[in-house]
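In my numbering, the protein residues as written are 122 to 524.
Ideal Cβ positions, reconstructed from N, Cα and C, are used throughout, including at glycine.
From a predicted model like this one, the values you see are computed outputs, not experimental measurements.
As structure tokens, the structure follows; a few thoughts come after it.
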Ligand SMILES: Cc1cc2nc3c(=O)[nH]c(=O)nc-3n(C[C@H](O)[C@H](O)[C@H](O)COP(=O)(O)OP(=O)(O)OC[C@H]3O[C@@H](n4cnc5c(N)ncnc54)[C@H](O)[C@@H]3O)c2cc1C
């Protein structure tokens with residue numbers, strides 16, 4: 122292949138496709154997306170997530186300025202894009218529930234962050250109001266978040282891909298980038314499909330390789346400090362129509378974000394102790410095992426059906442392709458029983474698994490020009506809320522490139 126292009130995007134997940142869509146809107150003729158999977162279906166993280174459109178309540182600006190900004194901006198952009206492009210989605214609203222006094226301290230902390238991030242419409246409510254939204258949810262108080270919702274993420278990936286392609290961007294699927302050589306003006310990129318190897322030149326690289334984005338940085342700049350420390354997230358599910366006491370009106374219902382040990386054990390520490398341990402990197406913080414409505418297919422259509430997903434339950438994966446379910450149903454039950462007491466073990470069945478591109482020692486998204494090779498734009502550690510923030514991330518990359 123004697124190809125010479127302006128911009129090469131490595132990875133065709135939701136982030137690579139969103140960047141391709143954003144950068145190709147004027148003309149995509151000079152843009153190539155290289156994706157190692159055989160199709161553009163977001164088969165890695167982009168389809169293996171909770172499908173929640175986050176509002177931006179969790180990310181303190183001090184430690185996660187990009188997550189804070191891009192989630193709130195991305196939330197609004199995503200609803201607009203979905204409405205304009207017929208992507209299955211729903212603004213469901215969300216309840217972040219506290220079941221006792223200790224949890225209320227955590228809840229207040231999230232509230233402070235949500236205010237700081239200017240998340241619109243949030244409201245602290247009492248247990249009676251919670252019951253008006255979701256009668257089977259038990260809480261002493263909650264944060265009501267009206268801009269939270271759900272999306273059918275593979276439809277989003279597909280639309281972004283098709284639009285970018287229609288603007289002229291070229292998608293090389295079934296091709297893995299395995300070597301990148303910096304040159305005076307740009308890079309020489311080596312890709313392989315089976316045993317076939319091709320080489321081409323590019324002026325700019327956008328590294329959107331998800332779980333492998335740290336490897337891609339090191340192909341170019343071996344001094345890069347970024348290392349993946351991925352987590353496996355697993356889900357169960359149940360049918361809300363099975364019994365009256367597990368029926369849900371359809372809001373996302375989340376616990377307060379507790380600390381977790383690396384093996385997934387939940388720690389109910391006093392808030393101050395939790396903050397201290399979290400800031401020293403001794404424990405992880407997670408949004409916790411939550412209840413979310415999800416999309417089901419009916420014929421050729423996606424509809425919000427009767428299935429409620431329960432998860433994610435985090436653990437350490439063997440490697441970045443380890444999709445084996447290791448959590449039993451009991452884990453999900455124990456996690457949600459305090460705020461959803463009607464659920465029983467036999468209601469739960471196992472659902473899917475995803476691996477999260479969490480970086481070791483970094484909380485925020487990394488979106489930057491590589492310090493040594495500024496024509497390499499690194500998107501590393503784009504874990505949750507990357508799906509929500511995808512369009513805002515793409516716009517940010519456009520700004521970094523001066524487009
Ligand atoms: C358990 C879990 C729950 C989540 N829940 C939510 C949620 O509810 N809401 C939300 O907003 N976000 C959520 N996220 C985060 C969100 O899914 C991700 O931030 C987003 O999908 C990241 O997209 P991506 O394109 O960067 O990565 P990916 O989807 O992983 O795509 C990267 C692509 O790069 C390709 N690639 C890798 N290496 C190469 C190579 N060398 N050559 C060519 N191609 C390569 C891969 O094949 C892949 O297709 C969740 C994630 C997980 C795992």
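For residue 476, the closest of 165, 157, 278 and 231 by C-alpha to C-alpha distance is 165. Our two residues, residue 369 and residue 214, have alpha carbons roughly 13 Å apart in a direct line. Taking C-beta separations shorter than 6 Å and ignoring five residues to either side along the sequence, the partners of residue 362 in its chain run 427, following chain order. Between residue 264 and residue 235, the C-beta gap is smaller than 9 Å, which places the two residues in contact. Cβ contact annotation for residue 192 (same chain, cutoff 7 Å, sequence separation greater than five): 175, 177, 180, 506, 509 and 510, in chain order. Annotation: the continuous alpha helix (DSSP H) that includes residue 509 extends over 507-521. Residue range 248-254 is occupied by the alpha helix (DSSP H) that includes residue 252. For residue 392, the uninterrupted alpha helix (DSSP H) run begins and ends at 392-400, by DSSP. Assigned with DSSP and collapsed to three states, residue 291 falls in strand.
By the Cβ test, the segment 300-310 is not in contact with the segment 244-258, since fewer than three Cβ pairs between them sit closer than 8 Å. Beta bridge pairing from DSSP links residue 307 with 304. Rounded to whole angstroms, the gap between the alpha carbons of residue 523 and residue 517 is 10 Å.
It is roughly 40 Å from the alpha-carbon of residue 388 to the alpha-carbon of residue 419. Under a 10 Å Cβ-count criterion, residue 480 is classified as buried, with 16 or more other Cβ atoms of the shown protein chains found around its own Cβ. Taking non-hydrogen atoms of ligand 1 into account, the C-beta of residue 166 is found less than 8 Å away from one of them. In the structure shown, residue 220 adopts coil according to DSSP, grouped into three states. In the assembly as shown, residue 373 is a buried residue. Its beta-carbon has 16 or more other beta-carbons within 10 Å. Residue environment analysis places residue 305 among the exposed positions, since fewer than 16 neighbouring C-beta atoms fall within 10 angstroms of its C-beta. Within the model, the alpha-carbon separation for residue 288 versus residue 207 is close to 19 Å.
In this structure, ligand 1 has no non-hydrogen atom nearer than 8 Å to the beta-carbon of residue 437. Counting of Cβ neighbours within 10 angstroms places residue 224 among the buried residues, the total reaching 16 or more.
In this structure, ligand 1 has no non-hydrogen atom nearer than 8 Å to the beta-carbon of residue 485.
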